[in-house]
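J.: Residue numbers (this note's numbering): 1 to 422.
The C-beta atom is built at its ideal place from N, Cα and C for all residues, glycine as well.
Can you keep this structure in mind? I'll have questions shortly.
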Amino acid sequence: MRKNLSLAFCLSLLSILFITSCGEDDAPGGGGVAIPPSISLLAEAGYISADANAGLTDTLRFRIKADRGDADLNAITVLEDGAALPGGANGRLIFPHISDEPSSANNPQVIVGADGAGLTWDVFILNPGAAGNYVYNFEVVDKDQQTDNISVSVTIIGNPPVINYSGGADIIVGTNQLVAIAVDVVAGDGRLQSIGVRENGTLMDANRLRYNSPDMTAEFGANPLDFPEADKDGFNGTIYIRSSIDNSNKTYTIEVTDEASQVTSIDINFLAGTLIDGTFPAELLSNADGPSSVFGGLDLSVPDSVPANSPLADIVDLGIDINKLPADNWLQKFKPANGAELRVPAGFQPETFDFDAFTIKEQIIELYNAGTEITETDVVAVDDIFIVKSGEDYFLLKITAVNVTTADNRDSYEMTVKQALE
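Laid out in structure tokens, this is it:
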């Protein structure tokens, strides 16, 4: 009988232990598994739910769904690249169900009322304003401090500024020469912020740069230089870069940055050239049929006036039209002589041609090679430009005066000659 009682007692004890071990115990520290909240991004039209691209001015729109676990939901936190987005007056975070103003948003945003049991919220983030890749993380926490989170990557793609440059990619320059670079900078999504110049990849000294200064005196105050307010919406002007003093090839990079931190650039190569042999102003070429016909030709290599029939003459005046009265009988034209060749610059426009910029032999040769050959000039006027090749020597001519006389035939031209001798 005592054995039977002992057996019954043992069976009862085992039953109690089995029932206890199979029951749930959700109390903290009781050995059970707590169920955390969950959060997800809903894939709906107009909302970001997976890695995506966005424009520089787009508002980023998300629709989040959060569900409770064992405890009610307590707060939502939104992070950008690991840092909580600021709320309040300077914030970029909007919870439309609360307000359309960032200043009304808190971060973390406390969850109240029925939303504690589960919610579907829209979350709007004002664009960071700069191109690049950003990671956004949405984290939910419940009243038991259990959490869940989800993240998504957004690449902000903007329209950077554009630099329009119609000059050549290679420019032949001399040492320590101030070179004019005409550019038209068109703003993209952001207003223009600054312009800088690099020499072989390194920001160069600001005192070697000039900003849109006709007299070339307005140095960059810094490099990069902030655009003045008047040029922030677009810049059409001239940047001046002083070439190096070591007579070597250099690459100059003009960089423009906008207020959205977008950068665009162009490269221009300065190729070391040979300085011209000289510049000779006010050389005289006279009417070949006048009393000063002894000066009707010009030897450009000296340069000096010579008779029109001299074998040394590179150009000669064409004299007069004998069928006209002396007041207007001068043809006011000249032609090449003794095997010389005469050309005019391609697309020549007096108002845009910079005669003073030609300080390198190779520049004059290049101008000649691209020019149009002529057998004689049209009626010559002040500021006309001509290029002459005589043998292997090149000469750049600018007409500085045309002296027309009406009572005699003492008409003449004055010109400035630049020599690029062999």
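Under a Cβ-count criterion, where at least 16 other Cβ atoms within 10 Å of its own Cβ denotes burial, should Asp51 be classed as buried or exposed?
T.: Result: exposed.
J.: CB-CB under 6 Å to Ala407, same chain, minus the five flanking residues each way: which ones, in chain order?
T.: So the list is empty, once near-sequence residues are dropped.
J.: Exposed or buried, which one is Ile245 when buried takes at least 16 other CB atoms within 10 Å?
T.: With fewer than 16 other Cβ atoms within 10 Å, it is exposed.
J.: Tell me where the beta strand (DSSP E) around Leu73 begins and ends.
T.: Element bounds for Leu73: Leu73 to Glu80.
J.: What span of residues does the beta strand (DSSP E) with Lys335 cover, start to end?
T.: Element bounds for Lys335: Phe334 to Pro336.
J.: Taking buried to mean at least 16 other C-beta atoms within 10 Å of its own C-beta, is Ile98 buried or exposed?
T.: So Ile98 counts as exposed.
J.: When the Cα of Met415 is compared with those of Asn223, Phe395, Leu421 and Glu422, which residue comes out closest?
T.: Closest by alpha carbon: Phe395.
J.: With distances taken from CA atoms, which of Asp267, Arg343, Asp299 and Thr274 is nearest Thr359?
T.: When each option's Cα is compared against that of Thr359, the closest is Thr274.
J.: When burial is assigned at 16 or more other CB atoms within 10 Å of the CB, is Ala105 buried or exposed?
T.: By the 10 Å Cβ count, Ala105 comes out buried.
J.: Apply the 10 Å Cβ neighbour rule to Ser6 and answer buried if 16 or more other Cβ atoms are within range, or exposed otherwise.
T.: In this prediction, Ser6 scores a pLDDT of 47, lower than 50, which makes its location untrustworthy; no coordinate-derived value is stated.
J.: With DSSP as the reference, identify every bridge partner of Ala52, one or two as the case may be.
T.: Note: Ala52 sits in a beta bridge opposite Val154.
J.: Return the chain-ordered list of same chain residues with a C-beta closer than 7 Å to the C-beta of Ser194, the five sequence neighbours on each side being excluded.
T.: Counting only Cβ-Cβ distances below 7 Å, and skipping sequence neighbours, we find Pro224, Leu225, Asp226, Phe227 and Thr257.
J.: Determine the direct distance from the alpha carbon of Leu42 to that of Ala27, and round the result to whole angstroms.
T.: For Ala27, the predicted model reports a pLDDT of 44, less than 50, meaning its position is unreliable; a value from the coordinates is still stated below. Looking at the two C-alpha atoms, the distance is approximately 33 Å.
J.: Curious, which full-length beta strand (DSSP E) runs of at least 3 residues does the stretch 358-413 contain?
T.: As far as the stretch 358-413 is concerned, its whole beta strand (DSSP E) runs of at least 3 residues are 372-374, 385-390 and 393-403.
J.: I think Val306 touches Ala313, with their Cβ atoms under 8 Å apart; what is that distance to the nearest whole Å?
T.: Right, the Cβ-Cβ distance comes to about 5 Å (below 8 Å), so this counts as a contact.
J.: DSSP has Arg343 in a bridge; who is on the other side?
T.: Note: Arg343 sits in a beta bridge opposite Glu373 and Ile387.
J.: Secondary structure at Pro102, three-state DSSP: helix, strand or coil?
T.: Looking at Pro102 - three-state DSSP - the assignment turns out to be helix.
J.: Between Phe220 and Ile241, what straight-line distance do the alpha-carbon atoms span, to the nearest angstrom?
T.: Answer to the nearest angstrom: the Cα atoms are 10 Å apart.
J.: Can you give me the C-alpha to C-alpha distance between Val417 and Ile399, rounded to a whole angstrom?
T.: Distance between the alpha carbons of Val417 and Ile399: 9 Å.
J.: Rounded to whole angstroms, what is the Cα-Cα separation between Asn164 and Leu178?
T.: The straight-line gap from Cα to Cα measures roughly 21 Å.
J.: So, under 8 Å CB-CB, Thr155 and Asn127 are touching, yes? Tell me the CB distance rounded to an integer number of Å.
T.: Not a contact, Cβ separation roughly 12 Å.
J.: What did DSSP end up calling Arg198 once you bin it into helix, strand or coil?
T.: In the structure shown, Arg198 sits in a strand (DSSP, three-state: E or B).
J.: Relative to the alpha-carbon of Ile364, which residue among Ile172, Val152, Ala117 and Gly32 has its alpha-carbon at the smallest distance?
T.: Minimum Cα distance to Ile364 is reached at Ile172.
J.: Put Glu229 into one of helix, strand or coil per three-state DSSP.
T.: If DSSP states are grouped into helix, strand and coil, Glu229 belongs with the helices.
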